[in-house]
Amino acid sequence: MLGHFGGCRRAREGEIEDRGGITDPQLYASQFGVKLGAFRDQGLDVTIENFHAGGSKSAAGAGRRFDRRDSRLPESRHSDAGAGLAFGKFLELATSDKIWQAVAAACLTYVGRTMIDDIDKALDWEGHRLDCALCEHLALSETGGCRLKHACVNERCPGSIERFFERNPDLADGYLSHPHCEVRAIAAKFAKVSLLPSLINDPNEKVQWNAILRLPRSYALQLRKHPRPELRRRVATLLDGEELLSMASDEYYYVRLVVASRIEPILLPQMMNDEEAEVRRVVARRIPNEWLLGMIDDRDASVRLEIAQRLSVQVVSLLQHDPDWRIRYEVASRAPMAQIFSLVHDPHSLVREVASSRIAEDRR
């Protein structure tokens, strides 16, 4: 009796369990290209003769076919999205029953080939095939200092480049001017610090960042006006106090967000009127108490809520007529008893409830 994988229905000693999905073996075979032959497993004869990669016609067209007993696998690329969907379905269900392991094996073999096709070819950053015989570091391969597709400075894979420098940190100095930015960036993590200042003006921000992380803070100050906002944001995380003042008016709000969270609280008043509510919320959480009243009329309710939660019991009632019920709720919860009577008739039930509850408790 033929079984099928992908939905799937299992036939075992006359018992059929329907798992949903495709319930006809022939339909499955035509749609996903898995042909079941015969081998014996718990009373059911099953054999995988071939595997059709490519999924359904709607997903990936005709796809490609190979016999799992044939070592000559077809060339493929992982850009075949339909095949990827079919593989995912195969793997999801194949491992749940021993009877489908043959399908999983065929699938894994093909997927493995599909996904590592390019990795099998050691390529440099320009896409050229590498030849160890032509490498100046050939001698290192004999001592374990490098290995193609694992620890190689000439490969385009960042992990391989990093492993090379981990094994050979003394060689990093010579790669700080390499044409590939990934090599320069990783070399900056291992090279002598005295050589890193030249990388401050590197055209690649990853190279600049790796250099900044190891240089004195004075070098980070030079990048506060860098044209790339993401690098400015990172630089802001390294600075404190007045060093951040010039960045408090940065054109990108996420740079100002970092500044507002790190600058000295006494310097925050200049950011009270920032155009972004997220920035003002951070300001409202950190600004000195004497400045809180200056933000009770903020145009954003979330900012006013931050202020209400920080105001003292004596002055929080100033917000009892706020249009946002969350702020009135804060007032009803904390304001002096004499100032919450009007909130018993508040439009919002939660505000009325907390005000009434406090008044009733006070009268007992």
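Plus 1194 on top of the position in the sequence shown (first one is 1) and you've got the numbering used here. Backbone N, C-alpha and C define an ideal beta-carbon position, used for all residues, glycine too.
Cβ-based neighbour list, residue i, same chain, cut-off 8 Å, excluding 5 preceding and 5 following
i	result
Ile1481	Pro1459, Leu1462, Pro1463, Met1466 and Met1489
Val1510	Ala1502, Glu1524, Val1525, Arg1528 and Ala1529
Leu1409	Val1387, Leu1390, Pro1391 and Ile1394
Leu1324	Ala1316, Leu1317, Asp1318, Leu1342, Cys1346, Asn1348 and Glu1349
Trp1485	Leu1462, Pro1463 and Met1466
Arg1456	Ala1430, Thr1431, Leu1433, Asp1434 and Leu1438
Gly1539	The sequence shown places His at residue 1539, rather than the Gly named in the question. Excluding positions up to five away in sequence, the list reads Arg1546.
Pro1423	Asp1444, Glu1445, Tyr1446, Tyr1448 and Val1449
Neighbourhood of residue i by C-beta, 6 Å cutoff - its chain only, sequence neighbours within 5 removed
i	result
Asn1362	Gly1339
Trp1519	His1542 and Val1545
Leu1334	Cys1340
Ala1379	Lys1400, Val1401 and Asn1404
Check whether residue i and residue j have beta carbons under 9 Å apart
i	j	result
Arg1475	Asp1494	yes
Leu1432	Ala1414	yes
Arg1350	Leu1317	yes
Phe1535	Ala1554	no
Arg1385	Asp1396	A small correction: the amino acid at residue 1385 is Ala; Arg does not occupy that position in the sequence shown. No. Outside cutoff.
Lys1177	Phe1359	With the chain represented from 1195 up to 1558, any question about residue 1177 goes unanswered, as that position is not in the structure.
Ala1532	Glu1500	no
His1331	Leu1365	yes
Glu1376	Pro1352	yes
Beta-ladder partner(s) of residue i, from DSSP
i	result
Leu1317	Arg1323
Ala1345	Arg1341
Range covered by the alpha helix (DSSP H) that runs through residue i
i	result
Cys1329	That residue, Cys1329, is in no alpha helix (DSSP H); it is neither H nor E in DSSP.
Gly1353	Pro1352 to Arg1361
Leu1425	Pro1423 to Ala1430
Asp1367	Premise fails: Asp1367 is in no alpha helix (DSSP H) and is neither H nor E.
Trp1403	Glu1399 to Ile1406
Asp1556	Ser1543 to Arg1557
Trp1519	Trp1519 to Arg1528
Glu1376	Cys1375 to Ala1381
Arg1418	Premise fails: Arg1418 is in no alpha helix (DSSP H) and is neither H nor E.
Neighbourhood of residue i by C-beta, 7 Å cutoff - its chain only, sequence neighbours within 5 removed
i	result
Asp1516	Arg1498 and Arg1522
Trp1403	Leu1425 and Arg1428
Leu1451	Glu1472, Val1473 and Val1476
Contact test: residue i Cβ vs the ligand GTP heavy atom, cutoff 8 Å
i	result
Ala1382	Annotation note on the ligand GTP: not contained in the displayed structure, which lists no ligands.
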